[in-house]
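Chemist: Sharing a structure with you now.
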Amino acid sequence: MAVGEFFFTPLVLFIVPKYCHDEFFVNFNFFHVKFPQILKVLRASSVEGLSLVGFVTELATQTVTFSYNSARGFPFSTWGESSFKACQTCFLVFLYFYYTKRTVAAILFPFLYGAIAYVLLSGLIPISILVQLTSLNILLLSISRVSQITENFRNGHTGQLSFIMVLLLLFTHAARIFTTMQETGDQYILAIFTLSTVFNITMVTQILYYWNATIDAQKKKE
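Read left to right, the sequence shown gives residues 728 to 949 (the working numbering).
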């Protein structure tokens with residue numbers, strides 16, 4: 728068994744890329760932006776107030792982003808964060824299915840996603856196709872964020888949405904605007920991070936606005 732490999736490594740690598748495996752199980756670097764949301768869901772054993780459409784479309788955006796950037800040979804510093812977030816978003820989708828009693832979907836989804844990610848990263852997909860997929864990212868990102876923003880508005884509270892996660896997303900995506908400008912200058916990727924920053928500002932505002940309503944809703948559930 729090679730250094731940095733464990734008995735569960737083959738199974739994990741079928742679901743997530745190797746750099747995700749190494750980041751989590753070799754470097755023990757768990758604190759990425761999605762981790763606070765995962766903790767909040769696990770502690771509450773609930774996904775109340777969270778949008779499945781938002782998770783799935785965000786996962787699609789993240790996957791296309793790191794696949795495109797990897798294929799273009801851009802520095803890992805400009806897209807590595809997207810790959811780590813994708814691993815955690817996949818886990819959040821799993822948790823959503825699990826806590827909404829959809830066991831079959833919870834079991835199958837990580838393997839389906841792992842297969843799709845493998846194909847996209849394998850070099851089997853022409854760069855022209857990845858460019859076309861990337862052109863959908865702004866649409867997918869908009870659907871993801873608007874779905875969660877609408878869910879918050881409809882509920883009148885933000886449920887299990889993690890304030891720490893949204894705040895970290897705001898800061899990291901704002902930072903990616905500057906790293907993209909300096910290291911690649913890719914205008915499309917720059918537009919994605921800029922739009923994401925605007926949506927994250929909106930969600931931070933919602934969380935603060937609905938703060939007391941969210942606390943009251945959680946007390947009623949208890």
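Heads up, the beta-carbon is just placed ideally off N, CA and C, and yes, glycines get one too.
Excluding the five sequence neighbours on either side, which residues of its own chain have a C-beta within less than 6 Å of the C-beta of Pro763, listed in chain order?
Modeler: Ser889, Ile891 and Met892
Chemist: Across the stretch 896-904 and the stretch 769-779, are there enough close Cβ pairs to call them in contact, namely three or more that are closer than 8 Å?
Modeler: no
Chemist: Using the three-state DSSP reduction, which class does Leu888 fall into: helix, strand or coil?
Modeler: coil
Chemist: In whole angstroms, give me the CA-to-CA distance for Gly883 and Gly807.
Modeler: 35 Å
Chemist: State the DSSP-derived secondary structure class of Pro837, mapped to helix, strand or coil.
Modeler: If DSSP states are grouped into helix, strand and coil, Pro837 belongs with the helices.
Chemist: Does DSSP put Glu775 in a helix, in a strand, or in coil?
Modeler: In the structure shown, Glu775 sits in coil (DSSP, three-state: anything other than H, G, I, E or B).
Chemist: When the Cβ atoms of the stretch 831-843 are set against those of the stretch 926-938, are three or more pairs found closer than 8 Å?
Modeler: no
Chemist: In this structure, does DSSP put Thr827 in helix, strand or coil?
Modeler: coil
Chemist: Three-state secondary structure (DSSP) at Asp943?
Modeler: The three-state secondary structure of Asp943, taken from DSSP, is helix.
Chemist: If distances are taken between C-alpha atoms only, which option among Thr784, Thr788, Leu822 and Ala944 comes closest to Val686?
Modeler: With the chain covering only 728 through 949, there is no way to say anything about residue 686.
Chemist: Would you mind reading off the limits of the alpha helix (DSSP H) that contains Tyr915?
Modeler: Gln914 to Tyr936
Chemist: Does Gly781 pass the burial test, meaning 16 or more other C-beta atoms within 10 Å, or should it be called exposed?
Modeler: buried
Chemist: By the three-class DSSP mapping on this structure, what secondary structure does Lys761 have?
Modeler: Three-state result, Lys761: coil.
Chemist: Mind checking whether Ile904 and Asn796 have CB atoms under 9 Å apart?
Modeler: no
Chemist: If we ignore side chains and look at the alpha-carbon of each, how far apart do Thr885 and Tyr826 end up?
Modeler: 17 Å
Chemist: Among the candidates Arg881, Phe803 and Met908, whose CA atom is the shortest distance from the CA of Gly776?
Modeler: Per the Cα distances, Arg881.
Chemist: Can the beta-carbon of Ala798 be found closer than 9 Å to that of Ile834?
Modeler: no
Chemist: May I ask which residues mark the beginning and end of the alpha helix (DSSP H) holding Leu868?
Modeler: Asn864 to Asn882
Chemist: Along the chain, where does the alpha helix (DSSP H) containing Ser855 start, and where does it finish?
Modeler: In this chain, the alpha helix (DSSP H) harbouring Ser855 covers Ile854 to Thr861.
Chemist: How many angstroms separate the CA atom of Tyr823 from the CA atom of Val846?
Modeler: In a straight line, the C-alpha of Tyr823 is about 25 Å away from that of Val846.
Chemist: Taking the beta carbon of Glu785 as the centre, do at least 16 other beta carbons fall within 10 Å, making it buried, or is it exposed?
Modeler: Buried.
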